[in-house]
Amino acid sequence: MATVSDLNISEVKLSEEYVGKWGMFINQDVCTGCQACVAACSMENNIPFVGDEDSGYGRTMNWIRIERFWEGEYPEVKMTQNQPMMCQQCGHAPCEPVCPAFATVHSQTQQLNLQVYNRCVGTRYCANGCPYQVRSFNWRDYKRPEPLPNQFNPDVTVRRRGVMEKCTFCIQRIHQAEDKARSEGREVADGEFTTACAQVCPADAITFGRVDNPESLVSQLTKEYQGVRHLEELGTLPNISYFKGA
Amino acid sequence: MIKRLFDWLKQPLGLVAVGIVFLAVFSAAVYGIALTQKAPDQPIQFPHNKHVGFGIQCLYCHPGASKGPNAGLPSQAKCWACHNQIARTQTSELLAPLKNAVESGTPIQWVPVAQVPDFVQFNHRAHIAAGKNCEDCHGDMTKVTVAENPQVFNMGFCLDCHVKTAGEDKVLLNKLADCGTCHY
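Top to bottom, those sequences are chains A and B.
Mapping of the first sequence onto numbering that gives the first Met the number 0: position 245 corresponds to residue 244, and the numbering continues sequentially without gaps.
Mapping of the second sequence onto numbering that gives the first Met the number 0: position 119 corresponds to residue 118, and the numbering continues sequentially without gaps.
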């Protein structure tokens, strides 16, 4: 299996050197798989409901999903822990270099993978490049029956047909918190705001914050639980660490 | 058939017909473009020049600009606070919609003029805090009656100023020219 050092690409920073900005810690040990984060994410980010027919074609739209896998051979199968999976906001993202329209670019200031909807032409290369399979594509202009349009989040673009979308780490909340902090002449405090999924999680399985600040809750939890990153061997430098538990 | 048509078009009468058709299409296009350049019709022909001329600050009627993303449009209550002390308001025909709105309690349906597309997230507060003045983007309101845009609010207009503001500061340029600053 290839490791980061085998890739031998000068641009790839080693995972020890890479420090992101925003990150998450997910404690799978306490996750009950209640899907509250999935619902909250859909509400926060104006994610459409695709309906049963398109779901059958595998066109479901989620920015976060709860994964469960089987372990072992039948009949001795065991279900693994619930695994919330969303965009890992990779430091070296496989989705970025494949975009011919530069619609998915890396934000140098926020250290996030951006998706620019007005630039996206819908080639879906990024979704094919993503090893975490977290991108979803607007196959249609999905209808929202009344009164659903009344609960649109005005801070988030309502995407149209033919564009790719994915978890943004609730960048609208990041901007809101930074704007508020700047208007009061201070820095954003740890825990001042959080993403929709982390806010709604009844078990506090998801923690969001600054990973470049060793004092933040997310850094401390990652250190305490020895959080692991998914598919780290691909050199994607993900910003979410997981604790699988017992 | 087509050859006969071309032959007919080549004679003087045909050339005149071609000219008339061309002029009709051209003037329709010009009219169409002119329509998009015109400020939208407002329920009241609000004279910005008079109000600014009286010395009323922009932020008095659009206070949201210094506090948050939206500058906001004033409610009829704010208009009435001054206008109920002005005798002509009761008789003026132009101000009849305002009087009706206050008496019936129905809000005035102002038409927003300065708009950006849905995929652009604009925040007034950051721009005011950075020392921008209203007229830098919205033009000199002492010269217009009904609000109109002095320029198209497109990405070139925004980025031009962002890049100029950043200057040599690479960190600031990264921040101001970042896609995620406006598009999310």
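Heads up, the beta-carbon is just placed ideally off N, CA and C, and yes, glycines get one too.
Check, Outcome
"Hey, A/Ile65 and A/Gln82: beta-carbon distance below 8 Å or not?", "yes"
"Just mark B/Leu12 as buried or exposed, buried being the case when its beta carbon has 16 or more other beta carbons within 10 Å.", "exposed"
"Specify whether the region 158-171 of chain A and the region 85-103 of chain A touch according to this definition: at least 3 beta carbon pairs, one from each stretch, less than 8 Å apart.", "yes"
"Please list, in chain order, the chain B residues whose beta carbon lies closer than 7 Å to that of A/Gln109.", "Gly179"
"A/Cys36 and A/Cys200: beta carbons closer than 8 Å?", "yes"
"Which residues in chain A sit within 8 Å of B/Asp168, going by Cβ to Cβ distance?", "Simply none; closest approach about 12 Å."
"Three or more beta-carbon pairs under 8 Å between the region 25-32 of chain A and the region 180-190 of chain A, yes or no?", "no"
"For B/Asp177, collect the residues of the same chain with a Cβ closer than 6 Å to its Cβ; drop the 5 residues on either side in sequence, then sort them by chain order.", "none"
"Give a yes or no on whether the minimum CB-CB distance between A/Asn117 and chain B is below 8 Å.", "yes"
"Does DSSP put B/Val170 in a helix, a strand or coil?", "helix"
"How long is the line joining the alpha carbons of A/Gly249 and A/Asn137, rounded to whole angstroms?", "Outside the displayed range of chain A (0 to 245) lies residue 249 of chain A, so it cannot be described from this structure."
"Using DSSP's beta-bridge definition, name the partner residues of A/Asn112.", "A/His105"
"Quick one: is A/Thr194 near chain B, going by C-beta distance under 8 Å?", "no"
"Any C-beta of chain A sitting closer than 8 Å to the C-beta of B/Ala125?", "yes"
"Closest by CA to A/Arg158, which one among A/Tyr124, A/Gln198, A/Arg228 and A/Pro47?", "A/Pro47"
"Would you mind telling me which residues of chain A sit closer than 7 Å to B/Asp135, beta carbon to beta carbon, in chain order?", "Here the premise fails: no neighbours, minimum Cβ distance about 20 Å."
"In angstroms with no decimal places, state the Cα-to-Cα distance between A/Thr156 and A/Glu145.", "19 Å"
"Grab the span of the alpha helix (DSSP H) containing B/Ile127 for me, first residue to last.", "His123 to Ala128"
"Helix or strand or just coil, what does DSSP make of A/Asn26?", "strand"
"Which partner residues of A/Glu70 appear in the DSSP bridge assignment?", "A/Lys77"
"For B/Arg3, would you say it is in contact with chain A, using Cβ-to-Cβ distances shorter than 8 Å as the test?", "no"
"Under 8 Å, do A/Glu70 and A/Thr79 count as touching if we go by C-beta distance?", "yes"
"Chain A partners of B/Phe118, CB-CB under 7 Å?", "Tyr116, Asn117 and Thr156"
"Assign B/Asn132 to buried or exposed, taking buried as 16 or more other Cβ atoms, counted over all protein chains shown, within 10 Å of its Cβ.", "exposed"
"With a cut-off of 8 Å, does the C-beta of B/His161 fall near any C-beta of chain A?", "no"
"Of all the alpha helix (DSSP H) runs that stay within the bounds of the region 17-92 of chain B, which reach a length of 4 or more residues?", "47-52, 57-60, 75-82 and 87-90"
"For A/Gly226, tell me which candidate among A/Pro74, A/Ile239 and A/Thr235 has the shortest Cα-Cα distance.", "A/Ile239"
"Which residues of chain A have a Cβ atom closer than 8 Å to the Cβ of B/Ala128, listed in chain order?", "Arg181 and Ser182"
"Which partner residues of A/Met84 appear in the DSSP bridge assignment?", "A/Arg64"
"Using the beta-carbon of each residue, which ones in chain A are nearer than 8 Å to B/Asn173?", "Gln107 and Thr108"
"Out of B/Ile32, B/Gly104, B/His161 and B/Glu92, state which residue places its alpha-carbon closest to the alpha-carbon of B/Trp79.", "B/Gly104"
"Going along chain A in order, which residues have a C-beta closer than 9 Å to the C-beta of B/His182?", "Leu113, Gln114, Val115, Tyr116, Asn117, Arg118 and Thr156"
"Quick check on DSSP: helix, strand or coil for B/Met154?", "helix"
"Buried or exposed: where does A/Asn44 fall if 16 or more other Cβ atoms within 10 Å of its Cβ makes it buried?", "buried"
"Would you say A/Gln87 reaches chain E, if we count a Cβ-Cβ gap shorter than 8 Å as a contact?", "In the displayed structure, chain E is absent; the protein chains listed are A and B."
"Comparing alpha-carbon positions, which option in A/Val133, A/Val97 and A/Asp53 lies nearest A/Asn61?", "A/Val133"
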